[in-house]
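S.K.: As given, the protein sequences belong to chains S and G, one line each in that order. Those letters in the first sequence? Residues 79 to 181, per the working numbering, in order. Those letters in the second sequence? Residues 79 to 181, per the working numbering, in order. Structure in structure tokens, see below.
There are 2 protein chains.
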Amino acid sequence: MDTAKIKRLESAGWQVGSASDFLDLSEEETAFIDLKLALSKRLKELRTAQQISQKELAKNIKSSQSRVAKMEACDPSVSLDLIIKTLFVLGATNQDIATAIIR
Amino acid sequence: MDTAKIKRLESAGWQVGSASDFLDLSEEETAFIDLKLALSKRLKELRTAQQISQKELAKNIKSSQSRVAKMEACDPSVSLDLIIKTLFVLGATNQDIATAIIR
DNA sequence: TGTTAATATGTCATATCTGATATATTAACA
DNA sequence: TGTTAATATATCAGATATGACATATTAACA
Numbered sequence: 079m080d081t082a083k084i085k086r087l088e089s090a091g092w093q094v095g096s097a098s099d100f101l102d103l104s105e106e107e108t109a110f111i112d113l114k115l116a117l118s119k120r121l122k123e124l125r126t127a128q129q130i131s132q133k134e135l136a137k138n139i140k141s142s143q144s145r146v147a148k149m150e151a152c153d154p155s156v157s158l159d160l161i162i163k164t165l166f167v168l169g170a171t172n173q174d175i176a177t178a179i180i181r
Numbered sequence: 079m080d081t082a083k084i085k086r087l088e089s090a091g092w093q094v095g096s097a098s099d100f101l102d103l104s105e106e107e108t109a110f111i112d113l114k115l116a117l118s119k120r121l122k123e124l125r126t127a128q129q130i131s132q133k134e135l136a137k138n139i140k141s142s143q144s145r146v147a148k149m150e151a152c153d154p155s156v157s158l159d160l161i162i163k164t165l166f167v168l169g170a171t172n173q174d175i176a177t178a179i180i181r
């Protein structure tokens with residue numbers, strides 16, 4: 079199993095609040111993943127609330143359905159840049175993003 | 079003059095509040111740059127408050143002085159990922175980051 | 001069950017970001 | 001003025017993220 083897959087599983091694990099030690103990450107690294115996770119979660123919330131398919135959103139951001147799926151799965155191959163840009167396309171405000179981060 | 083340089087100048091321009099139309103960016107693109115700018119500004123604030131040189135910070139994040147300088151200049155070649163990771167190394171909390179974004 | 005739309009996962013060539021390095025500029029002080 | 005530390009800027013080879021595509025899985029319904 080490759081690192082990407084492990085990280086993806088780890089992310090899923092954190093998402094539901096379980097503890098795990100496949101990887102030993104520094105405090106800064108986990109903080110970063112948590113932040114990314116919170117935003118990818120918000121991304122999915124906004125998309126589903128707007129009843130848009132991943133394919134449709136992909137078109138709006140000039141990307142592909144698979145990349146949207148990866149964003150929502152918080153795949154390690156997606157950057158925070160892409161997630162944030164997509165949030166703005168979904169109509170998120172700075173306040174939305176800030177709230178998603180602290181919540 | 080290349081795009082990177084123009085964008086850098088643009089960023090500096092926005093930072094001091096001037097209007098410009100070298101580039102015509104969409105609302106989402108300007109929102110993204112504004113957010114990045116706010117965070118790079120906060121990064122510099124945290125570093126200077128801690129009286130750390132760019133060189134020292136670079137060592138802490140295993141990068142180089144020049145990259146730190148580019149982060150603080152909000153150079154288009156730096157990712158949001160790198161800026162956020164660095165903020166965490168500087169001891170920023172999610173609340174700090176959220177505040178920097180909405181302020 | 002089959003059909004269909006939505007979503008998930010794997011892979012890859014290309015684009016973009018990376019740390020490193022060199023060098024320029026700036027600021028503070030003798 | 002010179003010297004020094006800090007910061008800024010330019011460039012580049014290697015690393016990582018990208019959209020695209022193929023294919024698998026899931027869910028809802030006939």
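Positions of the beta carbon are idealized from the N, C-alpha and C atoms, including for glycine.
Would you verify that the beta carbon of G/LEU186 is, or is not, closer than 8 angstroms to some beta carbon of chain S?
M.R.: The first residue shown for chain G is 79 and the last is 181, placing residue 186 of chain G beyond what the model contains.
S.K.: At least one CB of chain G closer than 8 angstroms to the CB of S/LYS140: is that the case?
M.R.: No - not a single Cβ of chain G is within 8 angstroms of the one on S/LYS140.
S.K.: Taking DSSP as the reference, what is the three-state secondary structure of S/ARG125?
M.R.: Residue state, collapsed to three classes: helix.
S.K.: Indicate whether the contact test is met: 3 or more Cβ pairs, each with one atom in the segment 146-161 of chain G and one in the segment 140-149 of chain S, closer than 8 angstroms.
M.R.: With a cut-off of 8 angstroms, the segment 140-149 of chain S and the segment 146-161 of chain G do not count as touching, because too few Cβ pairs lie within range.
S.K.: Taking a cut of 8 angstroms between CB atoms, which residues from the segment 151-179 of chain G lie near chain S?
M.R.: Cβ contacts with chain S: SER157, LEU158, ASP159, ILE162, LYS163, PHE166, VAL167, ASN172, GLN173, ILE175, ALA176, THR177, ILE179.
S.K.: Check S/ARG181 in the structure and name its three-state DSSP category.
M.R.: Three-state result, S/ARG181: coil.
S.K.: Taking the alpha-carbon positions, what's the S/LEU117 to G/THR126 distance?
M.R.: Cα-Cα distance, rounded: 29 angstroms.
S.K.: Looking at S/LEU158: is its Cβ nearer than 8 angstroms to the Cβ of S/LEU121?
M.R.: No, the Cβ-Cβ distance between S/LEU158 and S/LEU121 is not below 8 angstroms.
S.K.: Give a yes or no on whether 8 angstroms exceeds the smallest Cβ distance from G/ALA136 to chain S.
M.R.: For G/ALA136, the answer is no, since every Cβ of chain S falls outside 8 angstroms of its Cβ.
S.K.: Using a Cβ-Cβ cutoff of less than 6 angstroms, which residues in the same chain neighbour G/ILE139 once the five nearest sequence positions on both sides are dropped?
M.R.: Excluding sequence neighbours, G/ILE139 sits near THR164, VAL167.
S.K.: Could you work out which residues of chain G lie near S/LEU113, taking near to mean beta carbons separated by less than 9 angstroms?
M.R.: Within chain G, the residues near S/LEU113 are ILE162, PHE166, ASN172, ILE175.
S.K.: Measure the C-alpha to C-alpha separation of S/GLU106 and S/ILE180 and round it to an integer number of angstroms.
M.R.: Looking at the two C-alpha atoms, the distance is approximately 16 angstroms.
S.K.: If you draw a straight line from the C-alpha of S/LEU113 to the C-alpha of G/ASN172, how long is it?
M.R.: The alpha-carbon atoms of S/LEU113 and G/ASN172 are separated by roughly 8 angstroms.
S.K.: Step through the CB atoms of chain S and report whether any lies within less than 8 angstroms of the CB of G/GLU123.
M.R.: No, because no Cβ of chain S sits closer than 8 angstroms to the Cβ of G/GLU123.
S.K.: Among the residues of its own chain, which have a CB less than 7 angstroms from the CB of S/ASP99, if the five just before and after it don't count?
M.R.: Note on S/ASP99: pLDDT 46, under 50, position unreliable in the model; the coordinate value appears next. Hits under 7 angstroms: none found.
S.K.: Tell me the rounded alpha-carbon separation between G/GLU134 and G/LEU103.
M.R.: Rounded to whole angstroms, G/GLU134 to G/LEU103 spans 35 angstroms at the Cα level.
S.K.: One question on the structure: do G/LEU115 and G/CYS152 come within less than 8 angstroms of each other, judged by their Cβ atoms?
M.R.: Yes; because the gap between Cβ atoms is below 8 angstroms, this pair is in contact.
S.K.: Alpha carbon to alpha carbon, how far is G/GLN128 from G/ALA170?
M.R.: C-alpha separation (whole angstroms): 12 angstroms.
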